[in-house]
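Going by the numbering used here, the letters in the sequence shown line up with residues 388 to 635, in that order. Note that the Cβ used here is the ideal one computed from N, Cα and C, for glycine as well. Single-structure report; data block below.
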Amino acid sequence: MLTPDATRTRDAAPRSGLWAVRVISDGPPRHAALPEVGAVVVGRDPSADPCLDDREAARLHARLGSDGATLLVSDLGSTNGTSLNGAAIGVEPRAVVAGDVIRCASTILVVESRPPSAVPGPPPRGAAGVLHAPLARGVWSVVDPAMRNLVAMASRVAASPLPVLVLGETGVGKEGLASLIHARSPRADAPFVAINCAALPPDLVESELFGHVRGAFEGANGDKRGLFEAAHRGTIFLDEVGDLALPA
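Here it is, written out as structure tokens:
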């Protein structure tokens, strides 16, 4: 039976009930869907799903499983280890939420919730002014005039290389808007990496975001690619960036 880690304080309930991970390694980034209920094994073995093209990963490296409400990750005794938001984990399952970052050896897995194909759903028959806004992961059906203006603004800023600040309360769709901006930008074919900054331990923020080289500090036994490098030529979405410690 899957049981959530009692030490986690954040709400681990998925926003859509369906999970996916964005796999970032040496090859092109790709999505791997996870079952709504059940578990998969991550590793180099051809039977693994997702199968990792990572020589440093174990054949059977980590386990991802869901009971329909909570997604859990655990290491399978791999040599190079598994970490969650920069902190090493063991065989005891740990609960994860969208935006968390799992590392299996040198491969980065960004946890994502999978939205339905249309939000908020088909408009009423005969409704006028419906704007279908394609996203990297789904489609928005936009009816409200204020939302149409927001999508139009997102389309305009998408052409710019400037940073974009998206403000709003939890659950209003900031990541969806960031995904829309990415999908309509010249960077659409490059990675879109979303990271929950609130989940990063303060002493590991620099290493997770920017990486390090072997020997940079005690315990740095190899090169580690940061999330900014993983998002090279694409878009990085720093969710809850205001929760980072001031030095970060």
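Segment limits, beta strand (DSSP E) that includes residue i
i    : result
R637 : Outside the shown range of the chain, which is 388 to 635, sits residue 637, and nothing can be said about it.
F624 : T622 to D626
L471 : T469 to L471
L458 : L458 to D462
L496 : T494 to S500
A449 : A449 to D454
C438 : Counting along the chain, C438 falls outside any beta strand (DSSP E), and DSSP gives it neither H nor E.
V488 : V488 to C491
Own chain partners of residue i with C-beta closer than 6 Å, once the 5 adjacent residues on each side are dropped
i    : result
T469 : A449, D462, I476 and C491
L458 : W406 and V483
A419 : V408, V410 and P437
With 16 other Cβ atoms within 10 Å as the buried cut-off, status of residue i
i    : result
A607 : exposed
R442 : exposed
V544 : exposed
P437 : buried
T622 : buried
F597 : exposed
F624 : buried
T557 : exposed
V559 : exposed
D626 : buried
E605 : exposed
Endpoints, the alpha helix (DSSP H) within which residue i is located
i    : result
L567 : K561 to A570
Residue-level contact to chain C via CB, residue i, 7 Å cutoff
i    : result
P422 : Here chain C cannot be found, since the structure has a single protein chain.
Cutoff 7 Å; reference residue i; Cβ partners in own chain excluding five residues on either side
i    : result
R417 : V410
L471 : V460, R481, V483, D487 and I489
V592 : L631 and A635
D610 : V600 and R601
P588 : N472, G473 and A474
L464 : It should be noted that the sequence gives Gly, not Leu, for residue 464. Counting only Cβ-Cβ distances below 7 Å, and skipping sequence neighbours, we find V478.
V424 : S453, D454 and G455
D440 : S412, D413 and G414
V551 : V544 and I568
T466 : A445
Which of helix, strand or coil DSSP assigns to residue i
i    : result
A586 : helix
E556 : coil
L631 : coil
V600 : coil
V592 : helix
N423 : In the sequence on display, residue 423 carries Glu and not Asn. Here E423 sits in coil by DSSP.
E616 : helix
G477 : coil
V551 : coil
A407 : strand
R574 : coil
G430 : strand
R446 : coil
A485 : coil
A581 : strand
Residues of its chain near residue i, where Cβ-Cβ distance is below 8 Å and the 5 sequence neighbours each way are ignored
i    : result
L564 : L537, A541 and V553
R446 : G430, R431, D432 and A435
L633 : none
So does the stretch 608-618 actually touch the stretch 567-581, counting three or more Cβ pairs closer than 8 Å? yes
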